[in-house]
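Written out below as structure tokens is the structure these notes cover.
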Amino acid sequence: KGVDLHYVLVTAVHRYQFIHFTPGKVQRWVWSVMRDDLINQSPAALAGEVDPAYVLHRIRRDWECRREDRTSGKFNAFWKQLFTHVPTEFPHPAASFPESEDIGAEGRRSLMQEPACIKWRLYLPPDDPLWEPIHAIRWDEELESEERKEILRELLMTDSVRLCSKEELEDMIERFHDCALILGQDNPKAGEMVHAANHLKKHRWRSEVFEQIVMHTVEHLEDDLEKDDVEKTAFPMGKIGLGWGKD
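To get my numbering, take the position in the sequence shown, counting from 1, and add 874.
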């Protein structure tokens, strides 16, 4: 706008109604350096330029569904005016990308080891009934680390129909489409991302994609819970499968 370049840095998680944004303004000539930094020096697993109209739509969507207690920052008149130029409904551009040929079960498992996907995991709300057996398994001192992971995996997979909810599917499918969009339609890996999204949508909890998301959840569980303030005494102790929650 004139000699000014307006920018906004946004972190948003649509599913949890969280948005954090920082608007700013610099002289236009700075853009070439900013662009190089954002794309080539980004710490993200994937970085690239995509359709700005779709980006504005995503920011508008997340802004309009936000929770006040999960909002940080304030949009100025410049950005609010831009939002009026994008639709509230905007199909994901990557959803129409050509899908790769079926990469098979092992190919789908391998795709989930990509840097952009390897940390994806299930979200279990604090009141989820699985937390009680999860903590009992974690604190069973007779279990070795690998035994514990396998039992945790079986526990989650036993409840996979419930865990593979509509919200979980929509979140993961959007992530695959985002990866494809950033990679670009001509990148063969983008076609694999679209294939994974379609496979997950069709097969749900029976897809190897969901199976790998469960595995990632188990792999990261210890690190995630170490950041929690919950004390062991808040949960029942004892052997696996014995007497949880009887008191």
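Where a beta carbon is used, it is the ideal one built from N, C-alpha and C, also for glycine.
In this text, all values refer to a predicted model and were calculated from it rather than measured experimentally.
Own chain partners of residue i with C-beta closer than 6 Å, once the 5 adjacent residues on each side are dropped
i      : result
PHE892 : ARG944
ALA921 : ILE913
HIS888 : ASP936
SER816 : Since the first and last residues shown for the chain are 875 and 1121, residue 816 lies out of range.
Nearest-angstrom Cα separation, counted from residue j out to residue i
i       : j       : result
VAL877  : PHE952  : 14 Å
ARG956  : VAL1083 : The residue asked about is misnamed: residue 956 is Leu in this sequence, not Arg. Each residue's alpha carbon lies about 37 Å from the other.
VAL929  : VAL960  : 10 Å
GLU1024 : MET1031 : 10 Å
GLY1119 : PRO1003 : Unreliable placement is indicated for GLY1119, whose pLDDT of 33 sits below 50; no coordinate value is reported for it.
LEU1037 : ARG1078 : 10 Å
LEU996  : GLU938  : 25 Å
LYS1063 : ILE1047 : 15 Å
ILE1011 : LEU1026 : 7 Å
ASN950  : GLN1086 : 42 Å
ASN1072 : GLU1042 : 14 Å
HIS931  : LYS899  : 21 Å
VAL904  : PRO897  : 16 Å
ASN1061 : VAL1088 : 27 Å
VAL884  : VAL907  : 19 Å
TRP994  : PRO917  : 17 Å
One or two residues paired with residue i in a DSSP bridge
i      : result
HIS880 : LYS899
THR945 : ILE893
THR885 : HIS894
Sub-7 Å separation of residue i and residue j beta-carbons
i       : j       : result
GLY978  : PHE895  : no
ASP936  : ALA886  : yes
HIS966  : HIS1051 : yes
ALA1070 : ARG982  : yes
LEU985  : GLU1066 : yes
PRO989  : ALA919  : yes
Same chain, Cβ closer than 8 Å to residue i, five either side skipped, listed in chain order
i       : result
ARG934  : PHE957, VAL960 and THR962
VAL1068 : ALA968, ALA969, PHE971, PRO972, GLU973, SER974, PHE1050, HIS1051 and ALA1054
Cutoff 7 Å; reference residue i; Cβ partners in own chain excluding five residues on either side
i       : result
LEU1055 : VAL924, PRO967 and ALA968
- Query: Which residue spans inside the region 909 to 977 form an unbroken alpha helix (DSSP H) run of at least 4?
  - Reply: Here the runs fully enclosed are 926 to 938 and 951 to 957.
- Residue ranges of each alpha helix (DSSP H) run of no fewer than 4 residues wholly in the region 1015 to 1078, ordered along the chain? 1019 to 1032, 1034 to 1037, 1040 to 1057 and 1062 to 1077
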